[in-house]
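Chemist: Mind having a look at this structure? Questions to follow.
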Amino acid sequence: MESDALDQREDFRQLVDHLDGVAIWVASSPERFDYISDGFEDVWGIPAEEVEDDPARLLETIHPDDRERVRENMERASPEESYVGRVVRPDGSVRWLQNRQILLPDDDGGVEKVVGISTDITEQKRREEELDALNRVLRHDIRNDVNVVVGWAELLADHVDEEGEPYRQRILDAGERVIDLTEVARDYAKTVTSGEDLDTHPVSLRDVLEHAVEMRRESYPDAEFVVDGEVPDVEVTGNEMLESVFRNLLNNAVQHNDEAEPVVEVSCEVSADAVAVRVADNGPGIPDHQKEAIFEQGEAGIGSQGTGVGLYLVRTLVEQYDGSVSVADNDPKGTVFTVTLPLAA
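Under this note's numbering, the final residue of the sequence shown carries the number 338; numbering is consecutive throughout.
Encoded structure:
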């Protein structure tokens, strides 16, 4: 039995030591660490030996602005709540850690040991900051400008004749859709940062895709948008953000096109339980080594040109719909994006 227990302990230690981005430590007192996992230095930025020799080093690595709060949380050691703090590495870089502590009771009902779990959430924090920046642009700059456009279009009611009224109405309709979209985008940003899934419901593929193509034709009169056959009259899993998937792909096909007359071809194929929508262009194409990277958030940041946020949003939304998106070379030149969406039950 003792041998089995030792084997299980060793198996557990091996598992813990290979957790990526996670550090685990066990302390019997604030002055004594009984165990520190191998991943500790990757997460905290200091060798485990330094903390074992001088436990105060753990707190010294905390960012000065967070140190007192983290110290109070560590002393309280509440197993019901986690706390976030920044650590400053020896090279000056800052990492965000989410920390949780588990109390191991002794036979008398007291605390024998404390288990600490630290998870590096720096990338998650960066993602939240990017979404916050995008949300501010959508909610403030774009929404305010569109409200001005809608306001002026409403004032034109008494100055537009019967022939011009449909065009004024289209301005109003487009403005209202953009305003609605900023609201949905706000909810989307909150959803992503909270880790919850977006609400989905059946959406008409034909209505959404045909409208997206028509709007791009108006936005890019020098480009040719071709729909191969009819868009299937089917419902797919989606929500109000589905059109932004196609809008971003259509925009991308024109904006990154090096031809004097960009040509974008849209086609659909329905299978037993899904529909594949292809958006093909005659642009320069994408090198193989960049095909996966284009779906990541751009390193340049939200506010700069060519950030890749559009394609990142495409993949994020499609995956929320339990679909997939892929990219391939077009023949003879250009790129093909394929979005596969499940048919609504």
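All C-beta atoms, glycine included, are put in the ideal place defined by N, C-alpha and C. Everything numeric in this text was worked out from a predicted model, so none of it was measured.
For threonine 54, I'd like the list of residues in its chain whose CB is within less than 7 Å of its CB, leaving aside the five on either flank, ordered along the chain.
Modeler: Around threonine 54: Trp37, Gly38, Ile39, Val80, Val81.
Chemist: Please state if the CB of valine 256 and the CB of valine 272 are separated by a distance shorter than 7 Å.
Modeler: No, the Cβ-Cβ distance between valine 272 and valine 256 is not below 7 Å.
Chemist: Which whole-angstrom value describes the C-beta separation of valine 143 and glutamate 169, a residue pair presumed to lie in contact below a C-beta threshold of 8 Å?
Modeler: Confirmed, about 7 Å.
Chemist: Using a Cβ-Cβ cutoff of less than 8 Å, which residues in the same chain neighbour isoleucine 295 once the five nearest sequence positions on both sides are dropped?
Modeler: Because the pLDDT at isoleucine 295 is just 35, under 50, the model does not fix this residue reliably, and the value given afterwards should be weighed accordingly. Correct list, in chain order: Glu123, Ala126, Leu127, Val130, Val302.
Chemist: So what does arginine 25 bridge to, in DSSP terms?
Modeler: According to DSSP, arginine 25 bridges with Ser22.
Chemist: Buried or exposed: asparagine 140, going by 16 or more other Cβ atoms within 10 Å of its Cβ?
Modeler: Classification of asparagine 140: exposed, given that the 10 Å Cβ count is below 16.
Chemist: With distance defined between alpha-carbon atoms, name the residue in Pro280, Leu165, Asn66 nearest to glycine 327.
Modeler: Of Pro280, Leu165, Asn66, the residue nearest in Cα terms is Pro280.
Chemist: Report yes if the C-beta distance between alanine 253 and serine 111 is below 7 Å; otherwise report no.
Modeler: Their beta carbons are not under 7 Å apart, which means alanine 253 does not touch serine 111 by this criterion.
Chemist: Which residues bound the alpha helix (DSSP H) around lysine 118?
Modeler: Taken as a continuous stretch (DSSP letters only), the alpha helix (DSSP H) holding lysine 118 covers 115 to 129.
Chemist: Would you say aspartate 113 faces chain B, with C-beta separation under 7 Å as the test?
Modeler: In the structure shown, chain B does not exist; there is a single protein chain.
Chemist: Pick helix, strand or coil for histidine 152, following the three-state DSSP scheme.
Modeler: Three-state DSSP puts histidine 152 in coil, outside helix and strand.
Chemist: Among Phe26, Arg60, Glu61, whose alpha-carbon lies nearest the alpha-carbon of aspartate 46?
Modeler: When only C-alpha atoms are compared, the closest one is Phe26.
Chemist: Assuming valine 107 contacts alanine 20 under a Cβ cut-off of 8 Å, what Cβ separation, rounded to an integer in Å, is found between them?
Modeler: So it is a contact: roughly 5 Å between Cβ atoms.
Chemist: For leucine 242, which of Met208, Asp266, Ala167 has the nearest alpha-carbon?
Modeler: Of the listed residues, the one whose Cα sits closest to leucine 242 is Met208.
Chemist: Where does tyrosine 213 fall in DSSP's three states?
Modeler: Tyrosine 213 falls in the coil class under three-state DSSP.
Chemist: Identify the continuous beta strand (DSSP E) that holds serine 260 and give its terminal residues.
Modeler: Segment 256 to 263, the beta strand (DSSP E) holding serine 260.
Chemist: Since serine 30 is in the alpha helix (DSSP H), which residue starts that stretch and which ends it?
Modeler: No alpha helix (DSSP H) holds serine 30; DSSP gives it neither H nor E.
Chemist: With C-beta atoms as the reference, is leucine 96 less than 7 Å away from valine 104?
Modeler: Yes, the Cβ-Cβ distance between leucine 96 and valine 104 is below 7 Å.
Chemist: Let me check understanding here. Comparing Cα to Cα, which of Val224, Asp226, Pro325 lies closest to asparagine 275?
Modeler: Selected option, being the one with the closest Cα: Pro325.
Chemist: Can you tell which of Val171, Leu202, Ala150, Glu116 has the C-alpha that lies nearest to the C-alpha of asparagine 137?
Modeler: Selected option, being the one with the closest Cα: Val171.
Chemist: Only counting the same chain, and skipping five residues up and downstream in sequence, which positions put a Cβ closer than 8 Å to that of valine 219?
Modeler: Answer for valine 219: Val256, Val257, Glu258, Val259, listed in chain order.
Chemist: Compute the Euclidean distance between the alpha carbons of glycine 32 and proline 335, then round it to the nearest angstrom.
Modeler: Those two C-alpha atoms are separated by around 40 Å.
Chemist: Compute the beta-carbon to beta-carbon distance between valine 229 and leucine 198, rounded to the nearest angstrom, for a pair I have assumed lies under 8 Å.
Modeler: 5 Å between Cβ atoms; contact.
Chemist: Give me the residue from Val44, Asp35, Asp13 with the minimum Cα distance to tyrosine 28.
Modeler: The shortest Cα separation from tyrosine 28 among Val44, Asp35, Asp13 belongs to Val44.
Chemist: Among Asp251, Pro277, Ala246, Glu121, which residue has its Cα nearest to the Cα of threonine 331?
Modeler: Cα-wise, what sits closest to threonine 331 is Ala246.
Chemist: Alpha carbons only, please: which of Ala146, Val227, Arg119 is nearest the one belonging to valine 196?
Modeler: Here the closest residue by C-alpha is Val227.
Chemist: Is leucine 51 closer than 7 Å to arginine 64 when the C-beta atoms are compared?
Modeler: No, they are not a contact pair.
Chemist: Which word fits glutamate 156, buried or exposed, when buried means at least 16 other C-beta atoms lie within 10 angstroms of its C-beta?
Modeler: The residue in question, glutamate 156, is exposed, as its Cβ has fewer than 16 Cβ neighbours within 10 Å.
Chemist: Between the Cα of leucine 306 and those of Lys118, Thr115, Gln94, Met234, spot the shortest distance and give me the residue it belongs to.
Modeler: Ranking the options by Cα distance to leucine 306, first place goes to Met234.
Chemist: The alpha helix (DSSP H) spanning glutamate 223 covers which residue range?
Modeler: Where glutamate 223 is concerned, there is no enclosing alpha helix (DSSP H), given that its DSSP letter is neither H nor E.
Chemist: Among Ser212, Asn92, Ala267, His56, which one has its Cα closest to the Cα of isoleucine 164?
Modeler: Nearest C-alpha to isoleucine 164: Ser212.
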